[in-house]
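Count the sequence shown with full-length UniProt numbering and you get residues 1 to 721, in order.
Written out below as structure tokens is the structure these notes cover.
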Amino acid sequence: MKTNLLAVFTLSVLAISCKSNEKNKSYAAFEAPLAKKVAKELTIHDDARIDNYFWMRLSDEQKNAETPDSQTQDVLDYLNAENAYLDKAMAHTDSLQDKLYNEIVGRIKKDDQSVPVNDNGYSYYTRFEEGGDYALYCRKKLEKNTKEEIMLNGPEMAKGYSYYGIGGQSVSPNNNMLAFGIDTISRRQYTIYFKNLETGKLLDEKLRNTGGNATWANDNKTIFYTTKDPQTLRQNKILKHIIGTNQSEDEVVYEEKDDTFLCYVGKTKSEAYLIIGSFQTLSTEFRYLDANTPNDEWKIIQPREKDLEYSIDHYGDYFYIRTNKDAKNFKLVKTPVNKTEKGNWIDVIPHREDVYFQGMDIFKNYLVAEERKNGLSTIRVMTWDKSKDYYVPFNDPAYVVYTTSNLDFDTDVLRYGYTSLTTPNSTFEYNMETKEQVLLKQEEVLDDSFSIENYTSERLYATAQDGTKVPVSLVYKKGVEKNGKNPLLLYAYGSYGSNSEPSFSSSRLSLLDRGFIYAIAHIRGGQEMGRDWYENGKLLKKKNTFTDFIDVGQFLIDEKFTNNNHLYAYGGSAGGLLMGAILNMEPDLWNGVVAAVPFVDIVSTMLDESIPLTTFEFDEWGNPKNKEYYDYMLSYSPYDNIEAKNYPNILITTGYWDSQVQYWEPAKWVAKLRELKTDDNLLIMDCNMETGHGGASGRFERYKRLALTYAFIFDLEGITE
1 MKTNLLAVFT LSVLAISCKS NEKNKSYAAF EAPLAKKVAK ELTIHDDARI
51 DNYFWMRLSD EQKNAETPDS QTQDVLDYLN AENAYLDKAM AHTDSLQDKL
101 YNEIVGRIKK DDQSVPVNDN GYSYYTRFEE GGDYALYCRK KLEKNTKEEI
151 MLNGPEMAKG YSYYGIGGQS VSPNNNMLAF GIDTISRRQY TIYFKNLETG
201 KLLDEKLRNT GGNATWANDN KTIFYTTKDP QTLRQNKILK HIIGTNQSED
251 EVVYEEKDDT FLCYVGKTKS EAYLIIGSFQ TLSTEFRYLD ANTPNDEWKI
301 IQPREKDLEY SIDHYGDYFY IRTNKDAKNF KLVKTPVNKT EKGNWIDVIP
351 HREDVYFQGM DIFKNYLVAE ERKNGLSTIR VMTWDKSKDY YVPFNDPAYV
401 VYTTSNLDFD TDVLRYGYTS LTTPNSTFEY NMETKEQVLL KQEEVLDDSF
451 SIENYTSERL YATAQDGTKV PVSLVYKKGV EKNGKNPLLL YAYGSYGSNS
501 EPSFSSSRLS LLDRGFIYAI AHIRGGQEMG RDWYENGKLL KKKNTFTDFI
551 DVGQFLIDEK FTNNNHLYAY GGSAGGLLMG AILNMEPDLW NGVVAAVPFV
601 DIVSTMLDES IPLTTFEFDE WGNPKNKEYY DYMLSYSPYD NIEAKNYPNI
651 LITTGYWDSQ VQYWEPAKWV AKLRELKTDD NLLIMDCNME TGHGGASGRF
701 ERYKRLALTY AFIFDLEGIT E
């Protein structure tokens, strides 16, 4: 029910309890774009859908053409009209956006440097110079009084480009050559370049249309890399390149012909073996090759099987394998390097029903396991002789911890990262023998008023419709009262088994310091509570993801953290699908919703195997060519379920060059919403015409969109500063 405008005016002292968007509708003075309608009938399973905005889809050829055809021009005109409307509708927040941007960027140390990582006689690190939007990638010899070598000068390299993405960097075993990937379009199609680190000169040879990473054999002249299908962008081939030759001469050593699989190439931590991995949602397969003999034949570890997942590392005479074989929550096994099939696998860390085994780090004397218990990440340290077996203690109610940059086998020192909703990202070195630790670096927050002690975090559980307890992580400034009147931003993702971690964000202080509560809903579809958590939020159980989020929102209202006049939701990509679903299912619960690069036209996209990522994701969403999955997906598809009813205020963001969620999904969505919705709430879309899925490439440029997002929410709350 809309709030009466006269009542809001008369009872302005009580405005905080009213729908805040009713206070300021300056955008009503501007005419919103109305996209043309061209009916397109889409029929399958004897079911016909009419898509009036199908015409917005352009091929890569149309987008890259020097002269746009009529369809391309119509699309560009529409996207530009939406951007112009956004500018007008949000013009009154321009000063607020500037303030927010400067505030967010102002907390970031401008001349920052990463913690150095030692590898093969060198110390590697990145650093930023004052005013630089891109990093310098550097190294020093592990000797006294050595000079810094700048391997890649990001600020210089990025000059003249509206987007400049630096991909993987790999130094040859003899330390003389650097291979690195560059993407200047934002489609994640990288060109690999080679730089002689002794002379500082670039080689003439280039490897185009790659995944961005190169893996060296131990001979210092052979590298392996992936290429992509030019249409679907699926990484489908592994090639071998010899330094000094042309890409046209490169040998295809592996081709992944199953279009539901992707492939990649890498190296074990021991650097003894090269590894080719093929993977999809529910199955993996690995091949290995002695890194000293790159021209030999690759051997399979274990042939692929449906529902069998595994990943490998190497130490001594064994491969160590993380697998779900007879282990839903995964376990660790080992197998001799000359007997690798599953019949030879021996348990090292057995399966446990209440612990999710996430990964491991191998040392000469220790095995370190990353595990998840009760939804929180942990680090377990064990000696190979089993004389020691303990967990590193952590005290925050909600946090994330992870091992990082442990390249040395023969050491008792473990490097790990730690952060919580109140603790900036921190890097520690931990002595596994003495249990002593040293803080190497904590993210610096350049704000005199900032103190960890000023904020409170909580870990609560909401009850879902089916009785499931859903974890919720919250953070807010001390002094905030649970009076049901606080503005609250609720975030979630909930797909692919990806966890939404309770980590620190200095930019989030702009919310908290203005009285907002920030909450993360750890909904099903992630893997926070183990493998079942994921299995119960995908395929024909996907709706649990959406209802969990709604139930968390209602729980936060019931617990007096907020009310539906001040509750906001945010999600991106598959989390944007979540936003689209909850908008259709429970539009009155939210005052505003932000959907970033949202995957909202799920049925049409999953029916089109020419679109990047489609075939790879059948095990996540289902294949709609199967009627059972078609009917289920259609029942929640955000685009297909828009109705003539009231929706809350909505901000949608996208990128014209997005290869993961093509721009036309959010563009069609906003057009159809604008056509059918019956309210006069704000609906705007920001389409960045120069970027893709990840947004701007520069260190600071990306925060302009975040400033817009915050300004959108603050404006609805009547916050002007």
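We put the beta carbon where it would ideally sit given N, CA and C, even for glycine.
Across the structure, residue 305 and residue 371 are spaced so that their CA atoms are roughly 25 Å apart. The C-beta distance from residue 328 to residue 531 rounds to 5 Å, short enough to meet the 8 Å contact threshold. A direct Cα-Cα distance of roughly 28 Å separates residue 677 from residue 629. At the C-beta level, residue 261 and residue 275 stay beyond 8 Å of one another. When the five nearest sequence neighbours on each side are left out, the beta carbons in the same chain lying within less than 8 Å of the beta carbon of residue 562 are those of 484, 485, 486, 487, 488, 517 and 556, in order along the chain. Here residue 263 has 226, 235, 236, 238, 254, 256, 276, 277 and 278 as same chain residues with Cβ atoms under 7 Å from its own Cβ, once five neighbours each way along the sequence are excluded. With respect to residue 624, residue 232 sits apart: the two C-beta atoms are not nearer than 8 Å. Here the alpha carbon of residue 148 sits roughly 25 Å from the alpha carbon of residue 204. Positions of the alpha helix (DSSP H) runs, each at least 4 residues long and wholly inside the region 607 to 688, are given as 618 to 621, 627 to 636 and 664 to 676 in order along the chain. Under the 10 Å beta carbon count, residue 44 is surrounded by fewer than 16 other beta carbons and is classified as exposed. In the displayed model, residue 241 falls within a strand according to three-state DSSP. Within the region 127 to 176, the runs of alpha helix (DSSP H) that reach at least 4 residues and sit entirely inside it are, in chain order, 154 to 157.
Under the Cβ criterion (8 Å, minimum of three pairs), the region 313 to 322 does not count as touching the region 292 to 300. In this structure, residue 648 sits near residue 593, with a CB-CB distance shorter than 8 Å.
The straight-line gap separating the alpha-carbon atoms of residue 114 and residue 426 is approximately 11 Å.
With at least 16 other beta carbons inside 10 angstroms of its own, residue 33 counts as buried. Around the Cβ of residue 689, a 10 Å sphere holds fewer than 16 other Cβ atoms; the residue is exposed. Assignment of beta-bridge partners to residue 567 by DSSP yields 488. In this structure residue 35 is buried. Its beta-carbon is surrounded by 16 or more other beta-carbon atoms within 10 angstroms.
Here the region 517 to 528 makes contact with the region 463 to 471; the two share three or more CB pairs at distances below 8 Å. Runs of beta strand (DSSP E) with 3 or more residues, each lying fully within the region 545 to 594, are found at 567 to 572, listed in chain order. The Cβ atoms of residue 109 and residue 446 lie closer than 8 Å to each other. Here residue 712 has 651 as same chain residues with Cβ atoms under 6 Å from its own Cβ, once five neighbours each way along the sequence are excluded. Only buried fits residue 682, as 16 or more other CB atoms lie within 10 angstroms of its CB. The residue from 674, 653 and 634 with its alpha-carbon nearest to that of residue 42 is 634. Comparing C-alpha distances from residue 383 to each of 434, 374, 375 and 419 shows the shortest one belongs to 434. Residue 202 sits exposed, since fewer than 16 C-beta atoms from the chains shown fall within 10 Å of its C-beta. Using a Cβ-Cβ distance cut-off of 8 Å, the region 502 to 519 and the region 532 to 539 are not in contact, since fewer than three pairs of beta carbons, one from each stretch, lie closer than that value. Per DSSP, the beta bridge partners of residue 336 are 318. Comparing alpha carbon positions, the residue from 493, 414, 520 and 581 closest to residue 640 is 581.
Out of 78, 411, 701 and 672, the CA that lies nearest to the CA of residue 39 is found in 672. In the DSSP assignment, residue 196 forms a beta bridge with 177. Residue 460 is not a Cβ neighbour of residue 475, given a cutoff of 8 Å. Closest option to residue 170, judged by alpha-carbon separation, among 25, 163, 179 and 183: 179.
Annotation for residue 365: no alpha helix (DSSP H) segment contains it, and DSSP assigns it neither H nor E. Closest option to residue 491, judged by alpha-carbon separation, among 719, 545 and 615: 545.
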